[in-house]
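These notes are about the structure you will find just below.
Number of protein chains: 2
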Amino acid sequence: MKDHEILERTRTIVIDAIAQNMHLYGITASAGRLYGLLFFSDKPLTLDEMKEALGMSKTSMSVAVRSLLDLNMVEKVWVKGERKDLYAIKDDWYECFFDYFTIKWQTAIAMNSSAMEKSIAKLQKLIAEPETSEEIREQAFIDIKKLEERLDYYDWQNRLIDSFETKEILNFVPIEKKKD
Amino acid sequence: MKDHEILERTRTIVIDAIAQNMHLYGITASAGRLYGLLFFSDKPLTLDEMKEALGMSKTSMSVAVRSLLDLNMVEKVWVKGERKDLYAIKDDWYECFFDYFTIKWQTAIAMNSSAMEKSIAKLQKLIAEPETSEEIREQAFIDIKKLEERLDYYDWQNRLIDSFETKEILNFVPIEKKKD
DNA sequence: TGGTTTGTACAGTTATTTCTGTACGTAAAA
DNA sequence: TTTTACGTACAGAAATAACTGTACAAACCA
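Spelled out as structure tokens, the structure:
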């Protein structure tokens with residue numbers, strides 16, 4: 001009786017902490033709780049079991065689990081003879097961390113880079129125009145310089161994320177087994 | 001007339017893109033716009049100038065600029081004879097990127113680690129109790145193992161972020177000047 | 001000292017996000 | 001085939017976050 005409570009409480013402490021910090025991945029706290037639930041679960045769970053465990057609607061569970069799927073934090077598991085969909089946590093944390101940058105950051109970097117490249121092109125065209133005033137031309141030069149610097153920075157970010165994607169980063173910051 | 005519009009439009013495109021992706025840093029889109037404004041500004045701006053440029057309240061500018069200050073994305077600039085506070089973008093993007101992890105991620109990791117360490121201690125105590133049932137004891141062992149694995153992962157994350165903080169990461173993924 | 005100006009705290013408002021229940025399409029079971 | 005169960009789309013409700021205007025404290029100036 002008391003034992004079980006302690007076990008449950010220690011889990012809750014951890015789940016709360018995880019949920020609270022999940023926003024770093026752009027994920028709602030509820031999805032974080034769900035992640036914590038799956039972290040401790042010894043078997044894949046159905047939407048109904050999640051709903052039951054977290055006291056939320058099935059719809060919310062469906063949404064939350066999908067957001068976790070999108071980030072490769074959770075996977076759909078097939079179990080023979082089970083009609084319902086089952087979901088389990090992906091237990092390669094490192095992979096998951098890397099995927100986050102590949103999925104979210106690389107997209108954002110691509111968007112920003114694209115916008116900046118387009119702007120540079122427009123500015124160069126503006127500079128090439130003979131009727132552009134000297135003042136404007138000068139400002140355009142300055143803007144182009146700023147944008148190119150920024151593009152260099154995005155290029156660096158991409159190279160960093162590439163080292164995540166290929167796991168080459170682990171040669172630089174290796175996974176070490178802690179001594180027991 | 002037309003020139004100036006083109007210049008303005010190219011800036012807007014870029015600012016919009018930046019604002020849209022700023023959520024990756026846990027920052028509101030408005031603060032993102034402000035960041036974009038400062039990115040193109042050739043001089044530090046006052047709250048009133050920001051308010052004017054973005055058509056928002058001074059209070060909002062105050063809040064937004066503070067969120068950027070907290071992430072070391074912006075700095076307060078002192079200018080002789082100027083009574084108002086002036087703010088400028090921090091132009092070391094790399095530093096800013098590293099700071100983000102040091103400020104946000106390290107804090108989150110510390111919170112999670114702390115919660116897990118506390119839980120492990122409680123579980124070990126539970127295991128040591130003679131009246132704990134064998135079933136509970138077994139479950140506690142499983143939980144401890146999971147938590148310790150997770151702690152190893154957090155340790156790795158910390159080492160990665162350390163390499164950001166010390167900039168040693170740049171030895172692995174160097175900043176390369178793009179050829180002009 | 002008293003009179004301005006500047007930045008922010010606070011409370012109220014608006015906008016956005018998150019959550020719920022119903023309704024429905026799809027697929028398995030009978 | 002009909003029946004049943006599952007997961008999700010959708011619309012409305014509840015909760016949260018973002019923004020604004022007022023009011024005030026601190027700093028500056030006279």
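Chains as they are written, first to last, in the UniProt record's numbering: chain V, 1 to 180; chain G, 1 to 180.
Backbone N, C-alpha and C fix where the C-beta goes; we use that ideal spot for every residue, glycine too.
The alpha-carbon of K84(G) is positioned some 14 Å away from that of M61(G). Distance from the CA of F98(V) to the CA of P130(G), rounded to the nearest whole angstrom, comes to 43 Å. The beta-bridge partner set that DSSP reports for A88(G) consists of E75(G). Within chain G, no residue has its CB atom less than 9 Å from the CB of N72(V), the nearest being about 15 Å off. Pairing D91(G) with S113(V), the inter-Cα distance amounts to about 17 Å. Around K118(V), the beta-carbon contacts reaching into chain G at under 7 Å are I13. Within the region 108-140 of chain V, those residues whose Cβ lies closer than 7 Å to any Cβ of chain G are, in chain order, A108, M111, N112, A115, M116, K118, S119, K122, L123, L126, T132, S133, I136, Q139, A140.
Sixteen is the threshold: since fewer than 16 other Cβ atoms of the shown chains lie within 10 Å of the Cβ of R66(V), the residue is exposed.
A direct Cα-to-Cα measurement between L71(V) and D48(V) gives close to 22 Å. W105(G): not part of any alpha helix (DSSP H); DSSP gives it neither H nor E. Judged by DSSP secondary structure, R83(G) falls outside any alpha helix (DSSP H); it is assigned neither H nor E. Restricting attention to Q106(G), H4(G), Q124(G), the CA atom closest to the CA of F164(G) is found in Q106(G). A distance below 8 Å separates the beta carbons of L37(G) and M50(G). A contact between stretches requires three or more CB pairs, one per stretch, nearer than 8 Å, and the region 146-154 of chain G meets this requirement with the region 114-121 of chain G. Nearest to D3(G) by alpha-carbon distance, out of K146(V), K145(V), L123(V), I175(V), is L123(V). With contact defined as three or more Cβ pairs closer than 8 Å, the region 20-29 of chain G and the region 9-28 of chain V are in contact. Of the residues I6(V), A31(V), E5(V), the one whose Cα lies closest to the Cα of A17(V) is A31(V). The beta carbon of I18(V) falls within 8 Å of a beta carbon belonging to chain G, placing the residue at that interface. By the Cβ-count criterion, R9(G) is exposed, with fewer than 16 other Cβ atoms from all chains shown falling within 10 Å of its own Cβ. From the beta-carbon of K167(V), no residue of chain G is found nearer than 8 Å; the closest lies around 12 Å away. Cα atoms of S57(V) and K167(V): separation of roughly 38 Å, rounded to the nearest angstrom.
Judged by beta-carbon spacing, I142(G) lies beyond the 8 Å limit of L7(V), meaning their Cβ atoms are not closer than that value. Only exposed fits A110(V), as fewer than 16 other CB atoms lie within 10 angstroms of its CB. Ranked by Cα distance from E138(G), the options V77(V), I144(V), D42(V) are led by D42(V). Under the Cβ criterion of 8 Å, W78(V) is not counted among the residues facing chain G.
When DSSP reads this structure, L45(V) sits in a beta bridge with Y87(V).
Listed along the chain, the chain G residues whose CB falls inside 9 Å of the CB of I89(V) amount to none; the nearest CB is some 10 Å away. Between I89(V) and the set E82(V), G81(V), V77(V), Y100(V), the nearest pair of CA atoms involves V77(V). In this chain, M22(V) is not harboured by any alpha helix (DSSP H), its DSSP state being neither H nor E. The beta carbon of Q20(V) is closer than 8 Å to those of A29, G32 in its chain, skipping five residues each way along the sequence. In the structure shown, the three-state DSSP call for V173(V) is coil. For I15(V), the CB contacts under 7 Å within the same chain, skipping 5 residues up- and downstream, are R33, G36, L37 in chain order. Rounded to the nearest whole angstrom, the CA to CA distance from L160(G) to A128(V) is 46 Å.
Straight across, the Cα-Cα distance linking T102(G) with L86(V) is about 37 Å.
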